[in-house]
Amino acid sequence: MWIDSHAHLFDYTTGALRQIIEEASVSSVSTIVSTATNLENSKIVLSQCELFSQLFGTVGVSPFDVENLPEFWLEELATLSKCSGIIGIGEIGIDKTNPRYPSYQKQLDCFRHQLGLAKKMDLPVVIHSRGAEEDALEICLSEGIKRAVFHCFTGSLETAQKIISHDYFISFSGIITFKNARIREFVSSLPIKQLLIETDSPYLAPVPYRGQINKPSMVKLVGEELARLKNLDPELLQQQLEKNFKRLFLE
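The opening position of the sequence shown corresponds to residue 8 in this note's numbering, with each subsequent residue numbered one higher.
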């Protein structure tokens, strides 16, 4: 069975989410990680995990949501992180791709605070690092983070190798199905024991659904393309990805 290690499900009603989970099951997807981006939807993620056994959750404040945080936001996040079904802090990180995003210093401060929380709670972190992969890696190392996944990775081979050399994980999304994606050129050279797959739904639907609303059921297409690029049997890849997921989040 496939695992979608990163999906944004907090905007769905309970009924719609039930249908999404059923569709995922039909596509041989057994487990989905509902990933938060701010305090409010972290609470929704928690409630979703309480309702559906197929879901795990992560709670956190993304680099796009670091403005106007309440005074005790970190304490509130810590409380959420202790709840059943919550298996990580995320998505958190830094993003250098758009000057309209919150200031880089605010992103850094929020990122470091949450890394400290993850370390205190002994939880892995789910890293957003678009345009800032090297910086995010150095910060994780400086903060003594032991378990991390760089989600929706689009960086260079050199950076990927650095991340993996520190026993961190890299997660690939539907981007690996895009024929002009640079990462397709080096996926085959990365050790499978440090990889995960995700949809990042509702974004980045894989080919042939590119441009449409992405769903966790489509992680199967990501997995099948990864298997093809690495010349692996899809069933063997499933088994290894499940081991990787458990090693990062559940051990």
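Just so it is clear, CB atoms sit at the ideal spot from N, CA and C, and this is done for glycine as well.
For residue 156, the three-state DSSP class (helix, strand or coil)
Residue 156 falls in the strand class under three-state DSSP.
In terms of residues, what are the limits of the beta strand (DSSP E) holding residue 120?
No beta strand (DSSP E) contains residue 120, which is instead part of the alpha helix (DSSP H) from 111-128.
Give a yes or no on whether the C-beta atoms belonging to residue 92 and residue 133 are separated by under 9 Å.
Taking 9 Å as the cut-off, the Cβ atoms of residue 92 and residue 133 do not count as close.
Using three-state DSSP, classify residue 162 as helix, strand or coil.
In the structure shown, residue 162 falls within a coil segment according to DSSP collapsed to helix, strand and coil.
Helix, strand or coil at residue 10 [DSSP, three-state]
In the displayed model, residue 10 falls within a strand according to three-state DSSP.
Buried or exposed for residue 220, going by 16 or more other Cβ atoms inside 10 Å?
For residue 220, the number of other beta carbons within 10 angstroms of its own is below 16, and it is reported as exposed.
Any heavy atom of the ligand COA within a distance shorter than 8 Å of the CB on residue 257?
Annotation note on the ligand COA: not contained in the displayed structure, which lists no ligands.
Leaving out the 5 sequence neighbours to the left and right, which residues in its chain are closer than 8 Å to residue 70 when beta-carbon positions are compared?
Setting aside the 5 residues that flank it on each side, residue 70 is surrounded in the same chain by 99, 100, 101, 102, 108, 109, 114, 117, 118 and 135, each with a C-beta closer than 8 Å to its C-beta; the list follows chain order.
Opening and closing residue of the beta strand (DSSP E) in which residue 249 lies
Element bounds for residue 249: not the beta strand (DSSP E) but the alpha helix (DSSP H), 241-252.
Using a Cβ-Cβ cutoff of less than 8 Å, which residues in the same chain neighbour residue 166 once the five nearest sequence positions on both sides are dropped?
If you ignore the 5 residues before and after residue 166, its C-beta comes within less than 8 Å of the C-beta of 140, 141 and 144, all in its own chain and listed in chain order.
From the DSSP secondary-structure annotation, give me the bridge partner or partners of residue 64.
Partner(s): 41 and 93.
The stretch 196-209 in contact with the stretch 225-234 per 3-pair CB rule at 8 Å:
As far as the Cβ criterion goes, the stretch 196-209 touches the stretch 225-234, which means the pair count is three or higher.
What did DSSP end up calling residue 136 once you bin it into helix, strand or coil?
Correct three-state label for residue 136: coil.
For residue 45, count neighbouring Cβ atoms within 10 angstroms of its own Cβ and tell me buried if that reaches 16, exposed if not.
With 16 or more other Cβ atoms within 10 Å, it is buried.
May I have the straight-line CA-CA distance separating residue 195 from residue 11, to the nearest angstrom?
Taking C-alpha positions only, residue 195 is separated from residue 11 by approximately 20 Å.
Over what stretch of residues does the alpha helix (DSSP H) that includes residue 49 continue unbroken?
Residues 46-58.
From 188, 42, 88 and 72, residue whose alpha carbon lies closest to that of residue 259
Residue 259 falls outside the range modelled here, since the chain spans only 8 to 258, and no answer is possible.
Bounding residues of the alpha helix (DSSP H) (the contiguous stretch that carries residue 28):
Here the alpha helix (DSSP H) through residue 28 covers 21-33.
Completely contained alpha helix (DSSP H) runs for the stretch 186-244, where each covers 4 or more residues:
For the stretch 186-244, whole alpha helix (DSSP H) runs of length 4 or above, ordered along the chain, are 226-236.
Enclosing alpha helix (DSSP H) for residue 88 [first to last residue]
Residues 80-88.
Among the residues of its own chain, which have a CB less than 6 Å from the CB of residue 231, if the five just before and after it don't count?
Answer for residue 231: 241, listed in chain order.
For residue 62, which residues of its own chain have a beta-carbon under 6 Å away from its beta-carbon, when the five flanking residues on both sides are left out?
Result list for residue 62: 39, 41, 55 and 56, in chain order.
For residue 131, is the classification buried or exposed, using 16 other Cβ atoms within 10 angstroms of its Cβ as the cut-off for buried?
It is buried - the Cβ of residue 131 has at least 16 other Cβ atoms within 10 Å.
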